[in-house]
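In the working numbering, the protein residues as written are 7 to 82.
Cβ atoms here follow ideal geometry from the backbone N, Cα and C, with glycine treated the same way.
Bear in mind that the values here come from a model prediction, so they are computed numbers and not experimental data.
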């Protein structure tokens, strides 16, 4: 089964058609990179989908380790 979602730059939209598991960080209003090929003028058949994150992102497993060792500060 294919998943469909819309990617926009708030001026133009493109429909993404993708079969697979989306990344954990994938959600509405999140940046995304999709690799694939256009199958129609405004439809991309994606082979890969990556969720983008900002420079402050840290994986939960690493954050937990830092918290356990008391190296994590909440206000970085």
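Task: Through-space distance from residue 13 to residue 77, alpha-carbon basis - done: Rounded to the nearest angstrom, the two C-alpha atoms are 38 Å apart.
Task: Residue range of the alpha helix (DSSP H) that includes residue 68 - done: 66-74 is the extent of the alpha helix (DSSP H) around residue 68.
Task: Distance CB(residue 38)-CB(residue 57) smaller than 8 Å - done: Between residue 38 and residue 57, the gap from beta carbon to beta carbon is short of 8 Å.
Task: C-beta atoms of residue 20 and residue 52 nearer than 8 Å - done: 8 Å or more divides the Cβ of residue 20 from the Cβ of residue 52.
Task: Straight-line Cα distance separating residue 73 from residue 18 - done: Between residue 18 and residue 73, the C-alpha separation is close to 42 Å.
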